[in-house]
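Here is the structure we will look at, set down as structure tokens.
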Amino acid sequence: MQMGWKVFIIFLIVSSCAKDNHSNNAVVVTRHHLATDVGANILREGGNAVDSAVAVAFALAVVNPSAGNLGGGGFMLYYDAKKNKTFALDYRERAPQAATEKMFLDKDGEVIKNLSLNSYLAAGVPGTVKGMFKIHDLFGSKSMNDLISPAIKIAKKGFELSAFQAENFNKYEKKFSNGSDSESIFINAERDFEEGDVFIQTDLGETLDLIKKQGQEVFYNGIIAEKIVADFSNNGGLITIEDLKDYRVFLKDPICGDYKEYEVCSMPSPSSGGVAIIQMLNIIENFDLSEYSHNSIEYIKLLAKVMSFAYADRSKYLGDQNFFNSPIEKLTSKNYANIISKKIKSGEKVSVEPGIYFYEGDQTTHFSVIDFDGNVVSNTYTLNTAYGSGIVAKGTGILMNNEMDDFSIKPGTPNFWGLVGSKANSIEPNKRPLSSMTPTIIMYDGAPIMTIGSPGGSKIITTVLQCILNVFIHDMNIKQAVCAPRIHHQWLPENTVYIEPNGISKDIIKNLQSRGHTIKTYGYMGVANGIIIEDDGLYGGTDCRDETSAIGY
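Here the working numbering is used: the first residue of the sequence shown is 5, the next is one more, and so on.
See below:
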């Protein structure tokens with residue numbers, strides 16, 4: 005997805021960014037204005053942050069189908085003000101029981117192109133519906149009827165497509181031409197979609213209505229499950245009724261670390277985001293960033309080195325902890341960070357070894373909520389790539405994920421992003437693939453002061469890192485922090501620094517190139533959003549890179 009760079013340049017002039025939506029009570033920030041409206045209305049009607057988040061999640065499945073979902077999964081961080089405790093909800097997709105390590109390879113051991121992306125085999129067992137019911141059962145206050153009804157109304161009555169959404173549907177027409185129900189939903193047979201077209205999703209509305217009336221069981225062991233399984237069975241997919249019935253959501257402790265006087269909490273395994281964020285902040289703490297201006301050559305060089313070490317460790321050591329014993333305590337320790345910082349100061353580089361490369365889709369979405377009682381939600385969920393596999397399970401309106409592609413598929417086979425993995429992230433039945441999703445809550449003196457997250461595939465972690473540093477090192481407000489130009493380095497391809505168009509000056513680019521770096525321009529990195537709690541109230545910050553929305557009251 006790209007946008008006109010003339011607009012992009014204007015957006016990224018940080019000095020012109022004012023503070024975003026201010027409130028003394030509560031704030032909701034999401035990718036789409038209708039979902040933000042839904043979440044804000046729930047709060048106005050007396051719902052809490054979890055109620056609002058659940059309603060937003062169902063609404064985004066309707067109005068943001070490229071990433072919002074019923075057929076995918078994700079992670080949520082929730083801070084409960086009354087208990088003064090943060091919880092991590094893992095509703096990540098998992099591999100079907102019939103999945104095998106070599107399922108995407110041919111008889112010669114070569115990767116079968118696009119099989120892990122655009123086929124019925126690409127889907128992991130979805131967790132979003134069960135995840136939303138789980139968090140609501142534990143912490144919600146309003147009825148699920150109230151929380152799902154707004155999404156049903158939008159699906160059945162339709163909503164007007166923005167220019168961006170219409171263009172995106174047309175852009176992915178080939179992906180939707182797969183023989184599934186997506187052809188009748190996302191392809192306009194008479195002409196291309198246009199801005200202002202009313203987009204109606206009747207089957208999805210009926211599915212949501214069934215979930216509202218019969219609960220999560222209808223999705224995992226009822227008529228919706230039967231429809232999904234029948235479609236998969238008829239088209240070579242692996243998901244069975246047993247897979248859906250046996251799916252579990254996990255409530256975990258977040259992974260937390262200290263950065264200066266702040267406590268940073270994020271997602272544990274199978275997310276790599278929390279480990280990597282804490283590791284990078286630990287390393288950075290050994291450098292005096294007050295000496296570096298934002299995106300100066302010295303600053304970018306340091307960030308690139310820090311990112312390189314963290315992504316190397318990510319590739320070697322991280323995976324689903326239920327299947328692989330990753331050295332989390334070591335990776336997030338101050339002592340280990342000190343060792344790495346000394347290597348950086350001495351000019352030592354990360355060693356490059358043969359690895360397993362895998363692609364991680366960047367079509368994810370993040371939303372943040374803080375309510376009037378100080379409860380906080382930071383949620384990131386996804387279908388993986390845009391519109392997941394592009395396959396809609398027959399008769400359901402549900403776009404299915406292609407999350408199996410987040411596993412490591414074959415040693416020594418680089419693909420689009422060049423992200424590297426190891427045995428820790430190989431395919432196994434019931435295993436959850438490694439993810440970069442990084443919903444984060446930052447605390448000061450025992451209370452939350454910031455929530456942040458972003459889509460962006462492999463670039464999520466570095467996006468969240470830079471947003472945090474923008475606030476706490478470069479003294480930006482939340483709007484400036486999420487809109488500022490970003491860079492990215494992920495160890496491999498070696499010495500490659502990704503930048504945004506017009507994000508850094510030509511002089512700095514030449515300087516980096518003279519030091520052996522390859523510079524690659526990427527469309528944009530992430531669509532971050534977050535909320536900051538300041539002395540005069542709450543401020544919701546929406547990224548200038550896309551259609552995002554914040555409402556406070």
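From the three backbone atoms N, C-alpha and C, an ideal C-beta is built for every residue, glycine too.
Original post:
Which value, in whole angstroms, describes the spacing of the CA atoms of Ser-462 and Gly-530?
Top reply: As a position in the sequence shown, residue 462 is number 458, starting the count at 1. As a position in the sequence shown, residue 530 is number 526, starting the count at 1. Cα-Cα distance, rounded: 10 Å.
Original post:
Rounded C-beta distance between Ala-554 and Asn-25? I'm assuming under 8 Å.
Top reply: In the sequence shown, residue 554 corresponds to position 550, counting from 1. In the sequence shown, residue 25 corresponds to position 21, counting from 1. Going by Cβ atoms, the distance from Ala-554 to Asn-25 rounds to 4 Å, so yes, they are a contact pair.
Original post:
Which first and last residues belong to the beta strand (DSSP E) in which Leu-542 is found?
Top reply: Counted from its first residue, the sequence shown places residue 542 at position 538. DSSP places Leu-542 inside the beta strand (DSSP E), whose first and last residues are 541–546.
Original post:
Which same chain residues, not among the five before or five after Asn-405, have their C-beta less than 8 Å away from its C-beta?
Top reply: Reading the sequence shown from its first residue, position 401 is the one you call residue 405. The answer, listed in chain order, is Asn-73, Gly-75, Gly-76, Gly-77, Glu-97, Ala-126, Ala-127, Gly-128, Pro-130, Thr-386, Leu-387, Asn-388, Gly-392, Ser-393.
**OP:** Quick one: give me the first and last residue of the beta strand (DSSP E) that Pro-154 is part of.
**Re:** Position 150 of the sequence shown, counted from the start, is the residue given in the question as residue 154. Where Pro-154 is concerned, there is no enclosing beta strand (DSSP E), although the alpha helix (DSSP H) it sits in stretches over 148–161.
Original post:
If you drop the 5 nearest sequence neighbours on each side, which residues of the same chain put their C-beta closer than 7 Å to that of Ala-159?
Top reply: For the purposes of this step, residue 159 is identified with residue 155 of the sequence shown, where counting begins at 1. The answer, listed in chain order, is Val-66, Gln-205, Leu-208, Gly-209, Leu-212.
Original post:
Short check: CB of Thr-444 to CB of Val-380, under 8 Å?
Top reply: Mapped onto the sequence shown, residue 444 falls at position 440. Mapped onto the sequence shown, residue 380 falls at position 376. Remark: C-beta atoms of Thr-444 and Val-380 do not approach each other more closely than 8 Å.
Subject >> Strand pairing of Lys-524, partner residues [DSSP] >> reply: Taking the first residue of the sequence shown as position 1, residue 524 is located at position 520. Partner(s): Tyr-502.
**OP:** Note the first and the last residue of the continuous alpha helix (DSSP H) segment covering Asp-173.
**Re:** In the sequence shown, the residue the question calls residue 173 occupies position 169. For the record, residue 173 in the displayed sequence is Phe; it is not Asp. Run containing Phe-173: 167–175, per the alpha helix (DSSP H) assignment.
**OP:** Go ahead and pull the three-state DSSP assignment for Asp-112.
**Re:** For the purposes of this step, residue 112 is taken as the residue at position 108 of the sequence shown. Note: Asp-112 maps to coil in three-state DSSP.
**OP:** With a 10 Å radius around its C-beta and 16 neighbouring C-beta atoms as the bar for buried, classify Arg-603 as buried or exposed.
**Re:** A query on residue 603 cannot be resolved here, the shown segment of the chain reaching from 5 to 557 and no further.
Original post:
Can you give the beta carbon distance from Ile-301 to Ile-512, rounded, assuming they're within the 8 Å contact cut?
Top reply: Position 297 of the sequence shown holds residue 301. Position 508 of the sequence shown holds residue 512. Right, their Cβ atoms sit about 5 Å apart.
Subject >> Assigned exposure category for Glu-352 - 16 Cβ within 10 Å defines buried >> reply: Against the sequence shown, residue 352 aligns to sequence position 348. It counts as exposed.
Subject >> DSSP state of Arg-96 mapped onto helix, strand, coil >> reply: Position 92 of the sequence shown, counted from the first residue, corresponds to residue 96. It is coil, neither helix nor strand.
Original post:
Do the stretch 437–453 and the stretch 326–336 make contact, defined as three or more Cβ pairs closer than 8 Å?
Top reply: no
Original post:
How about His-493 and Ala-308: do their beta carbons lie closer than 8 Å?
Top reply: Translated into the one-based positions of the sequence shown, residue 493 becomes position 489. Translated into the one-based positions of the sequence shown, residue 308 becomes position 304. Contact flag set, yes.
Original post:
Going by other Cβ atoms of all chains shown within 10 Å of its Cβ, with 16 needed for buried, is Lys-111 buried or exposed?
Top reply: As a first step, residue 111 is located in the sequence shown; it is residue number 107 there, counting from the start. So Lys-111 ends up on the exposed side.
Original post:
In three-state terms, what does DSSP make of Gly-51?
Top reply: Reading the sequence shown from its first residue, position 47 is the one you call residue 51. Gly-51 falls in the coil class under three-state DSSP.
Subject >> Inter-stretch contact at 8 Å, needing at least 3 Cβ pairs: the stretch 90–108 / the stretch 424–434 >> reply: Short answer: they touch.
Subject >> Between the CA atoms of Ala-234 and Asn-45 - distance to the nearest angstrom >> reply: By 1-based counting over the sequence shown, the position of residue 45 is 41. By 1-based counting over the sequence shown, the position of residue 234 is 230. Cα to Cα, Asn-45 sits roughly 38 Å from Ala-234.
Original post:
Taking just the CA atoms, how far does Val-202 sit from Ala-167?
Top reply: Residue 167 sits at position 163 when you count from the first residue of the sequence shown. Residue 202 sits at position 198 when you count from the first residue of the sequence shown. Straight-line Cα distance between these residues: approximately 12 Å.
Original post:
What residues in its chain sit with their C-beta under 6 Å from that of Ser-237, if we drop five residues either side in the sequence?
Top reply: Locating residue 237 in the sequence shown gives position 233, where the first residue counts as 1. Beyond the five residues adjoining it in sequence on each side, Ser-237 comes within less than 6 Å, by CB distance, of no other residue in the same chain.
Subject >> Exposed unless 16 or more other CB atoms sit within 10 angstroms - verdict on Arg-318 >> reply: Locating residue 318 in the sequence shown gives position 314, counting from the first residue. Arg-318 is buried by the Cβ-count criterion.
Original post:
To the nearest angstrom, how far is it from the Cα of Tyr-224 to the Cα of Ala-71?
Top reply: Stepping through the sequence shown from its first residue, residue 224 is reached at position 220. Stepping through the sequence shown from its first residue, residue 71 is reached at position 67. Cα to Cα, Tyr-224 sits roughly 21 Å from Ala-71.
Original post:
Since Ser-312 is in the beta strand (DSSP E), which residue starts that stretch and which ends it?
Top reply: Against the sequence shown, residue 312 aligns to sequence position 308. No beta strand (DSSP E) contains Ser-312, which is instead part of the alpha helix (DSSP H) from 301–321.
Subject >> Cβ pair Lys-334, Asp-185 closer than 8 Å >> reply: Taking the first residue of the sequence shown as position 1, residue 334 is located at position 330. Taking the first residue of the sequence shown as position 1, residue 185 is located at position 181. Cβ atoms of Lys-334 and Asp-185: not closer than 8 Å.
Original post:
Within the present structure, is the beta-carbon of Lys-117 separated from the nearest heavy atom of the ligand MG by less than 7 Å?
Top reply: Questions concerning the ligand MG fall outside what the structure shown contains, since it holds no ligand whatsoever.
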